[in-house]
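Have a look at the structure below before the remarks.
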Amino acid sequence: MKLLFDLVSRLGQPVTNTLIKLGFAARFQLAILRHSATALLRPQLTLREIWFAGVLSVLIIVVSGLFVGMVLALQGYDTLQRFGAASSLGILVALSLVRELGPVVAGLLFASRAGSAITAEIGLMKATEQLAAMEMMAVNPIARVVAPKFWGGVISMPLLAAMFSAMGIFGGYLIGVQLLGLDEGSFWSQMQGAVDFRLDVMNGVIKSLFFGFAVSLIAVFEGYDAPPTAEGISTATTRTVVTSALVILALDFILTAFMFRGV
Amino acid sequence: MKRGMIDFWVGLFVLAGMAALMFLALKVSSQGNLPTGSTYSLTADFENIGGLKVRAPVKSAGVVVGRVSQISLDPQRYVAKVTLDVDSRYQFSRDSSAEILTSGLLGEQYIGITSGAEEKTLKAGDTFKITSSAIVLEQLISRFLFSQADKEKEKQE
Chain H
7 MKLLFDLVSR
17 LGQPVTNTLI
27 KLGFAARFQL
37 AILRHSATAL
47 LRPQLTLREI
57 WFAGVLSVLI
67 IVVSGLFVGM
77 VLALQGYDTL
87 QRFGAASSLG
97 ILVALSLVRE
107 LGPVVAGLLF
117 ASRAGSAITA
127 EIGLMKATEQ
137 LAAMEMMAVN
147 PIARVVAPKF
157 WGGVISMPLL
167 AAMFSAMGIF
177 GGYLIGVQLL
187 GLDEGSFWSQ
197 MQGAVDFRLD
207 VMNGVIKSLF
217 FGFAVSLIAV
227 FEGYDAPPTA
237 EGISTATTRT
247 VVTSALVILA
257 LDFILTAFMF
267 RGV
Chain E
26 MKRGMIDFWV
36 GLFVLAGMAA
46 LMFLALKVSS
56 QGNLPTGSTY
66 SLTADFENIG
76 GLKVRAPVKS
86 AGVVVGRVSQ
96 ISLDPQRYVA
106 KVTLDVDSRY
116 QFSRDSSAEI
126 LTSGLLGEQY
136 IGITSGAEEK
146 TLKAGDTFKI
156 TSSAIVLEQL
166 ISRFLFSQAD
176 KEKEKQE
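Note that the protein sequences, when read in sequence, are chains H and E.
Residue numbers for the first sequence follow the numbering used here, so the first one is 7 and each next one is one higher.
Residue numbers for the second sequence follow the numbering used here, so the first one is 26 and each next one is one higher.
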C-alpha cells in the first residue's frame, strides 16, 4: 500500500512542480509588464541591454546567415537543376529564409548567444545577493534589472532575424549568380514575383517577434528562478538554451500552421 | 563601454536592422496585393479551373491587372465561381472573355482577359459572359490516345 502511494506521488510530483513553475512564470511575466513603464521611462537601461543582446549578436547572426544562404543555394541548385528549374533558385532561397530559417535559426542563435548570458547574469546577481540588496534600497529589481533585459531581447530579435534573412539572400545571390552563373535579372525578378511582402516577409517578422518574447521571458525567468549556487546557475543556463530551442520549434509549428495553411 | 558609444552602436544596430527589412521589402518581395480601394471585383464561371489558386494573377495582354480573390463552387450549376479583384485603372468591355491559361508547360495557372469590342464596360460585380476552362493535361492526353485508337480501327476495317 505504501509502495503504491509512493509510486503515484512520484508521478504526481513532476506534474505539480511543472504547474507551479508555469504559474510562477506567468505571474513573473505579469510583473515584468507591470514594471515595464518605469523601466522604459529610463531608456538608458534598455539601450544597454539592446547593446548586450542585440549589437553583440550581430556578428554571429550575419556570418551564420551568410553561410546558411550559401549552403541553401548550393544544395538547391543541385536539386533544381535536375528538373531544369535552376532559375527558380532565388525563390527557393528567399522563401525558405524569410518564412522559416530566418526567424528560427536567428532565434536559436539568439537563445544560445544572448539568452544564456542574460540567465547567467541575473542568476549571478541573485547568488551574490545583489537583487536582495536592491530591494533593501527600495529599488525594485524587476523594474531595474529584469524588465530592461526582457525588452532589450524583444526589440533585438526581429532586427536580428531580418539581418539573418537579408544576409542569407545575399549569400544565395553570391553562390547562385556569381559562382554558378545564373542570370542575375531572372534571379531577382523571379524572387520578387514569388515572395509576397505581407504574406511572407511580415509573417516572418511576426514569427521573430513571438520568438523574441519567448526567449527573453525564458532567459530572465530561468535566471530569476535559479538556485543561488554555482551549480544552480549552470543548470539554469543550460535550461534556458534547451527550453528556448524547444519552445521556438514548437511555436514555429503552431504559427506556421496558422499563417500558411492552405496557401 | 561609455554611454555615448552604447547609444551610437545601438543606433547603428537599429539602422542595420531597418536596412535589412527595407531590403526584404523592396528588393526581395513585391506588394502582391493591389492596394484596397483601387480595385473592383468581377466574377467568372468556369467548368473546370484546373489548378487555379487564390492570389493567382489576372493578366491582360500579359500585364498583371489583378488577382484571384476567391474561388467557390456554385452549388446549383456545379461550376466554379471565381472572383477577381481587378485594378480600377483598367476597364474591360462587356463582351471580354476570361480564360484560364498556364505559363509554360508546367508553370502556375493564371486568368487571361481578352478584351472585346463593345463600348460598355464591366462594372463591379459583373460576370464574364465568355469563359474557357483550364486545359487539363490528363484529359488532353486521353483524348489524343482515344482518337489514335479510333484511327487504327478505321484503318484495319
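Where is the CB? At the ideal position from N, CA and C, for every residue including glycine.
- Neighbourhood of D32 of chain E in chain H, by CB distance below 8 Å: L53, in chain order.
- Under a criterion of Cβ atoms nearer than 9 Å, the residues of chain H adjacent to R28 of chain E are, in order, Q50, L53, R54.
- Contact of D202 of chain H with chain E is assigned, a C-beta pair being separated by under 8 Å.
- Of the residues assessed, N23 of chain H falls on the exposed side of the cut-off, its CB having fewer than 16 other CB atoms within 10 angstroms.
- Listed along chain E, no residue sits closer than 9 Å to A153 of chain H by beta-carbon distance, the nearest being about 17 Å off.
- Residue environment for V88 of chain E: exposed (fewer than 16 other C-beta atoms within 10 angstroms of its C-beta).
- With respect to chain E, the C-beta atom of Q87 of chain H has no partner C-beta closer than 8 Å.
- Counting only Cβ-Cβ distances below 9 Å, M265 of chain H has no contacts in chain E at all, with the closest Cβ about 14 Å away.
- In this structure, the alpha-carbon of E124 of chain E lies about 6 Å from that of I136 of chain E.
- Taking a cut-off of 8 Å on C-beta distances, the stretch 116 to 129 of chain H touches the stretch 160 to 169 of chain H, as three or more cross pairs fall below it.
- In summary, the residues of the stretch 179 to 202 of chain H whose CB is separated from some CB of chain E by less than 8 Å are W194, M197, Q198, G199, V201, D202, in the order they occur in the chain.
- For A41 of chain E, at least one C-beta of chain H is nearer than 8 Å to its own C-beta.
- In the structure shown, the three-state DSSP call for D70 of chain E is strand.
- Taking the Cα of A236 of chain H as reference, the smallest distance to any Cα among H:I56, H:V201, H:F170, H:K132 is reached at H:K132.
- For I175 of chain H, the C-beta contacts it makes with chain E under 7 Å involve V53, in order along the chain.
- Interface with chain H (8 Å Cβ-Cβ cutoff): A50 of chain E is included.
- One Cα belongs to D120 of chain E, the other to S157 of chain E, and the distance between them is close to 13 Å.
- When the beta-carbon positions are compared, A220 of chain H and L185 of chain H stay at least 8 Å from each other.
- The criterion of a C-beta distance shorter than 8 Å is not satisfied by I38 of chain H and F203 of chain H.
- The stretch 91 to 126 of chain H is shown to contain whole alpha helix (DSSP H) runs of 4 or more residues at 95 to 101, 108 to 116, in chain order.
- According to DSSP, G158 of chain H shares a beta bridge with no other residue.
- When the Cα atoms are used, G75 of chain H and F30 of chain H turn out to be separated by approximately 40 Å.
- Taking 8 Å as the threshold, the shortest C-beta distance from F117 of chain E to chain H does not fall below it.
- Looking at the backbone, the Cα of S93 of chain H and that of Q134 of chain E are separated by about 19 Å.
- With respect to the 8 Å criterion, F170 of chain H and G108 of chain H are classified as neighbours on the basis of their beta carbons.
- For S94 of chain E, the enclosing beta strand (DSSP E) starts and ends at 88 to 99.
- Taking a Cβ-Cβ threshold of 9 Å, none of the residues of chain E is close to G121 of chain H; the smallest such distance is about 18 Å.
- Distances from the CA of V151 of chain H to each of H:A225, H:P234, H:I254 were compared; the closest alpha carbon is that of H:A225.
- The criterion of a C-beta distance shorter than 8 Å is satisfied by A172 of chain H and F48 of chain E.
- For the set E:K78, E:R114, E:K84, E:E72, the Cα lying nearest the Cα of Q101 of chain E is the one of E:E72.
- Under DSSP, Y65 of chain E forms a beta bridge with E:V111.
- For G218 of chain H, there are no neighbours in chain E by C-beta distance under 9 Å, as the nearest C-beta there is about 12 Å away.
- W57 of chain H reaches chain E at I31, W34, V35, counting residues in chain order whose Cβ is nearer than 7 Å.
- Using a C-beta cut-off of 8 Å, the stretch 62 to 75 of chain H makes no contact with the stretch 193 to 203 of chain H, since fewer than three inter-stretch Cβ pairs fall below that distance.
- Chain H places a beta carbon closer than 8 Å to that of A45 of chain E, counting this residue as a contact.
- Here the C-alpha atom of L53 of chain H lies approximately 21 Å from the C-alpha atom of V68 of chain H.
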